[in-house]
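Worksheet: one structure, shown below.
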Ligand SMILES: Cc1cc2nc3c(=O)[nH]c(=O)nc-3n(C[C@H](O)[C@H](O)[C@H](O)COP(=O)(O)OP(=O)(O)OC[C@H]3O[C@@H](n4cnc5c(N)ncnc54)[C@H](O)[C@@H]3O)c2cc1C
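Numbering (our numbering), first residue to last: 467 to 752.
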């Protein structure tokens, strides 16, 4: 079984600040980390490899320093790492990013057919959650989003059964391979890197692919040229100054609670008081 895990190197969001004048994100001096959501995907891929065997290839599109993210994945047990890096990718939005990554997955599949692609639920910087579905669409893969658990996988029958968090419950879904899964946070706990893994990661020759090697024939589909999204403004939202009120009611009966609440609301909002007065409701608290 060949599993590709897409991992993105992102600035550590806990240390990002927004420039007070230009409203742009200040990345200088901010350490880079593997997108935390992608670590859940990586762990799940490694667990599947432990169960059914095969190969885990990690894939990242980013600047040369993103190689560190891939080495980290190798130290945990990934078998191969490919960094798709080219000046032509600068300024890529989610459309161009998913196009480039889909193309790279296609190239990876030439060596050994890809059965499963993992993405994180979203990144902590771009935060769009669009790249995974974008790759699935381009590669015509079945798409399973918000997956919290993989119940079974059968590489012979080309089937996979997963649990997916849905509104109001959990869905158990079965689909055919190959497919793309976006993994939920908290779905597993990442293993520790072994000493052997750390040594292997330090020596591992990460493959670097430029846009040609990634199979991109038309450079106008990546980078700024291939990115129709325009970011008009980035800003830190104004903190909400409103505070919740604690309303206490001594008797604790629903009627008294309703009357106390109503009294509070009508004191604050005379229009509501007048309306309720006209309807004859204010006194009884109904
Ligand atoms: C107009 C515009 C210009 C931009 N210019 C730049 C720029 O110059 N430099 C820059 O760094 N960003 C830039 N961005 C941001 C960049 O487009 C996004 O970060 C990128 O498209 C991924 O989107 P996302 O972070 O929302 O990923 P999501 O869709 O939230 O990611 C979901 C999952 O997809 C996978 N994934 C996402 N991106 C990658 C990746 N690069 N490699 C491997 N796996 C990935 C991961 O598994 C991730 O968990 C720009 C965005 C716009 C709109």
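Cβ atoms here follow ideal geometry from the backbone N, Cα and C, with glycine treated the same way.
{"Check": "Buried or exposed by the 16-neighbour rule on C-beta atoms within 10 Å, applied to residue 680", "Outcome": "buried"}
{"Check": "Supposed close pair residue 504, residue 586 - CB separation, criterion 8 Å", "Outcome": "4 Å"}
{"Check": "Beta-carbon proximity list for residue 648, same chain, < 6 Å, skipping 5 on both sides", "Outcome": "585, 587, 598 and 611"}
{"Check": "Limits of the beta strand (DSSP E) - the one that residue 521 falls within", "Outcome": "521-527"}
{"Check": "Residue 467 (DSSP reduced to helix, strand or coil)", "Outcome": "coil"}
{"Check": "Extent of the continuous beta strand (DSSP E) to which residue 534 belongs", "Outcome": "Residue 534 -> not in any beta strand (DSSP E); alpha helix (DSSP H) instead, spanning 533-542."}
{"Check": "The segment 634-650 touching the segment 523-531, judged by at least three CB pairs closer than 8 Å", "Outcome": "no"}
{"Check": "Span separating the alpha-carbon of residue 729 from that of residue 707", "Outcome": "23 Å"}
{"Check": "Nearest-angstrom Cβ-Cβ length linking residue 510 and residue 654, presumed shorter than 8 Å", "Outcome": "6 Å"}
{"Check": "Delimiting residues of the alpha helix (DSSP H) encompassing residue 680", "Outcome": "Per DSSP, residue 680 belongs to no alpha helix (DSSP H) and is neither H nor E."}
{"Check": "Straight-line gap, residue 556 to residue 514 (C-alpha atoms, nearest Å)", "Outcome": "34 Å"}
{"Check": "Endpoints, alpha helix (DSSP H) assigned at residue 721", "Outcome": "720-734"}
{"Check": "Residue 535 and residue 496 closer than 7 Å at C-beta", "Outcome": "no"}
{"Check": "Straight-line Cα distance separating residue 656 from residue 538", "Outcome": "12 Å"}
{"Check": "Nearest neighbour of residue 476, chosen from 484, 469, 493 and 615 [CA to CA]", "Outcome": "493"}
{"Check": "Short Cβ contact (7 Å threshold) for residue 663 with residue 541", "Outcome": "yes"}
{"Check": "Cβ contact check for the segment 691-710 and the segment 557-570: 3 or more pairs under 8 Å", "Outcome": "yes"}
{"Check": "Residue 501 CB to nearest heavy atom of ligand 1 below 6 Å", "Outcome": "yes"}
{"Check": "Whole-angstrom distance between residue 473 and residue 517, CA atom to CA atom", "Outcome": "22 Å"}
{"Check": "Beta-carbon contacts of residue 601 that lie in its chain and below 8 Å, excluding the five residues immediately before and after", "Outcome": "472, 564, 567, 568, 571, 583, 585, 607 and 646"}
{"Check": "heavy atom of ligand 1 below 6 Å from residue 556 C-beta", "Outcome": "yes"}
{"Check": "Segments assigned alpha helix (DSSP H), at least 4 residues, entirely inside the segment 650-680", "Outcome": "661-669"}
{"Check": "Minimum Cβ-Cβ distance from residue 590 to chain C less than 7 Å", "Outcome": "Reference to chain C is not applicable here, since this structure consists of a single protein chain."}
{"Check": "Candidates 727, 721, 485 and 667, of which the one nearest residue 547 by Cα", "Outcome": "667"}
{"Check": "Euclidean distance between Cα positions of residue 699 and residue 549", "Outcome": "30 Å"}
{"Check": "Opening and closing residue of the alpha helix (DSSP H) in which residue 560 lies", "Outcome": "560-577"}
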